[in-house]
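Here is the structure we will look at.
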Amino acid sequence: MQTPLKIAVVGSGLVGSLLAIYLKRAGHTVHVYDRSPDIRTIEFSGRSINLAVSHRGWRTLDEVGLGEEIRKMAVPMEKRAIHSVNNELSYQYYGKEGECIYSISRGELNRKMVSLAEAEGVEFFFNTRIWDVDLATATLFTGETERGAWDELHYDKVFGSDGAFSRIRHRMQRQNRFNYSQEFLPLGYKELNIPANADGTHKLDKNSLHIWPRKDFMLIALPNNDGSFTCTLFMPFEGENSFDSLKDKETLEAFFAKYFPSTKDEIPKLVEDFFKNPTSTLVTMKCFPWTYSDKVALIGDACHALVPFYGHGMNAGFEDITVLSQMIEQYGNDWHAVFHEYETSRKPNADAIAELSYRNFMEMSSSTADANFLLRKKIEKHFSDKYPELWQPLYSMVTFSYRPYSEALALGDRQKAIMDEVMKTEGIEQKWDSAEVEDKIKALLKEIK
11 MQTPLKIAVV GSGLVGSLLA IYLKRAGHTV HVYDRSPDIR TIEFSGRSIN
61 LAVSHRGWRT LDEVGLGEEI RKMAVPMEKR AIHSVNNELS YQYYGKEGEC
111 IYSISRGELN RKMVSLAEAE GVEFFFNTRI WDVDLATATL FTGETERGAW
161 DELHYDKVFG SDGAFSRIRH RMQRQNRFNY SQEFLPLGYK ELNIPANADG
211 THKLDKNSLH IWPRKDFMLI ALPNNDGSFT CTLFMPFEGE NSFDSLKDKE
261 TLEAFFAKYF PSTKDEIPKL VEDFFKNPTS TLVTMKCFPW TYSDKVALIG
311 DACHALVPFY GHGMNAGFED ITVLSQMIEQ YGNDWHAVFH EYETSRKPNA
361 DAIAELSYRN FMEMSSSTAD ANFLLRKKIE KHFSDKYPEL WQPLYSMVTF
411 SYRPYSEALA LGDRQKAIMD EVMKTEGIEQ KWDSAEVEDK IKALLKEIK
């Protein structure tokens, strides 16, 4: 058990709220600050991409006994449902039988996490702007305006969980030898909605993540417990098929009729939602170090913001908490060691999931509708089902295991090189499940390291 400390968490999002629960249960006094109003008192902003909770996220929730409570809010998704332009529908299962990812509303989960943290004794201070932090003393500075009078808030430790544009990280960036980069994708996203049927049932298959892949842009839909789907349109900001090109009702309706004809009756408030909801950006952010001495640490998006195409932003942030908790258990009151081991063990894995997330856009928007890609996946699944000790698909390594992201990325690159060779086999379309192909994969596993 650690010596009880007074700890501040800046940011009341999913990672901040769950971290606060962990720290409170470890015996600390925990205060959470957020510049926004209490999310439980406001309507969510209409800029959400539904969460896809997988093994890593569930492990962190289960460790503090919250998994069962949160699973009641989630809808299992066992497969992708691919909608072609000509309205054909096909399914691609994510893993083995029983392996699912779980759709959950970001706003609904965030509200729940804040309430659960309060029930543990965590104190929240909403509508409170943190303008700066003294890194050496873990002192926060708050006030009504950035240039007005500030009050000092003194703590033993400060955790910055205040997102991709973190104020705590902004202060850390002013140090010597602090590395920082951010890269915006040329595409953004907008939230839309498919409501439930009149009887509360889902209009589409409820146990699928629905994708309308159109190469440079795509629409996805994730199920909610109330029968609705949260939809997200990803597309470039500028260009022929872009947010910039959809300026009025007529153009928008013609665009959806051409590229997403199967949604005509599913999205009744298309025009209203499209022009009401904001167009949001997609950014990858990397930095290092994540800590300052034994006083201040970054966690979640504040130190490794991801684009959402692997569905691992929250899962990776929750895994940060798992690793931090392991370090606390191992090193106790030696916070220098806790912070050092936390950041050095997590940084390579954060970089790896950032790379995997970036790559997965191409898979979701283009490859899922490509015949060669589908054949590759079919060969991989056939081989891994038969020889699980020799092959685990990359998606399964990332989503249905606790293997470090960096290992999954390296193994995935090796397997890609092997499959590139396998796909050159003459007549692969006919002999994909033959002994010849199996033997070739086994031989390549020995050759390609």
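Note that our numbering has the sequence shown beginning at 11, numbered continuously upward. Note that the Cβ used here is the ideal one computed from N, Cα and C, for glycine as well. The model shown is predicted, which means the values in this text are computed figures rather than measured ones.
- Beta-bridge pairing by DSSP links residue 308 to 170.
- When the five nearest sequence neighbours on each side are left out, the beta carbons in the same chain lying within less than 7 Å of the beta carbon of residue 361 are those of 296, in order along the chain.
- Within the same chain, Cβ atoms closer than 6 Å to the Cβ of residue 326 are found at 363, the five residues on either side in sequence being excluded.
- Close CB contacts of residue 350 within its chain, under the 8 Å cut and outside five residues either way in sequence, are with 301 (chain order).
- The beta-carbon separation of residue 34 and residue 165, rounded to 14 Å, does not stay under the 8 Å limit for a contact.
- Within the same chain, Cβ atoms closer than 7 Å to the Cβ of residue 368 are found at 294, 317, the five residues on either side in sequence being excluded.
- Look at the beta carbons and you see the stretch 381-390 touching the stretch 438-446: at least three pairs across the two are nearer than 8 Å.
- For residue 203, the enclosing beta strand (DSSP E) starts and ends at 197-204.
- Look at residue 110 here: in three-state DSSP terms it is coil, with no helix or strand label.
- In this structure residue 309 is buried. Its beta-carbon is surrounded by 16 or more other beta-carbon atoms within 10 angstroms.
- Minimum Cα-Cα distance from residue 172 among the listed residues 343, 27, 418, 391 corresponds to 27.
- Setting aside the 5 residues that flank it on each side, residue 371 is surrounded in the same chain by 319, each with a C-beta closer than 6 Å to its C-beta; the list follows chain order.
- For residue 269, no beta strand (DSSP E) encloses it; the enclosing alpha helix (DSSP H) starts and ends at 259-269.
- Around residue 392, the same chain offers 443 as residues with beta carbons nearer than 7 Å, after the five sequence neighbours per side are excluded.
- In the three-state scheme derived from DSSP, where H, G and I count as helix and E and B as strand, residue 358 is classed as helix.
- The three-state reading of DSSP puts residue 348 in helix, counting H, G and I together.
- With contacts defined as CB atoms closer than 8 Å, residue 45 and residue 121 fail to qualify as a contacting pair.
- Under the three-state reduction of DSSP output, residue 122 falls in the helix class.
- Judged by DSSP secondary structure, residue 193 falls within the beta strand (DSSP E) whose first and last residues are 189-194.
- Judged by DSSP in its simplified three-state form, residue 284 adopts helix.
- The shortest CA-to-CA distance from residue 179 to any of 446, 314, 423, 416 is the one to 314.
- Across the set 435, 22, 365, 251, the C-alpha of 22 shows the shortest separation from the C-alpha of residue 119.
- With respect to residue 237, residue 211 sits close: the two C-beta atoms are nearer than 8 Å.
- Under the DSSP assignment, residue 164 falls outside any alpha helix (DSSP H), being part of the beta strand (DSSP E) whose first and last residues are 161-164.
- Between residue 169 and residue 307, the CB-CB gap stays under 8 Å.
- Relative to the Cα of residue 219, the nearest Cα in the group 41, 206, 234 belongs to 234.
- Residue 90 is bridged by DSSP to 102, 219.
- A Cβ-Cβ distance of about 13 Å is found for the pair residue 111 and residue 221, leaving them out of contact under the 8 Å criterion.
- Assignment of residue 444 by DSSP, reduced to helix, strand and coil, places it in the coil class.
- Nearest to residue 285 by alpha-carbon distance, out of 354, 345, 199, is 199.
- Residue 76 holds the alpha-carbon nearest to the alpha-carbon of residue 129 among 181, 76, 174, 90.
- DSSP places residue 318 within a helical segment (H, G or I) once states are collapsed to three.
- Taking the Cα of residue 254 as reference, the smallest distance to any Cα among 49, 289, 312 is reached at 289.
- Per DSSP, the continuous beta strand (DSSP E) segment holding residue 134 begins and ends at 133-135.
- Beta-bridge analysis with DSSP links residue 374 to no other residue.
- Its Cα nearest to that of residue 322, the residue 60 stands out among 242, 185, 299, 60.
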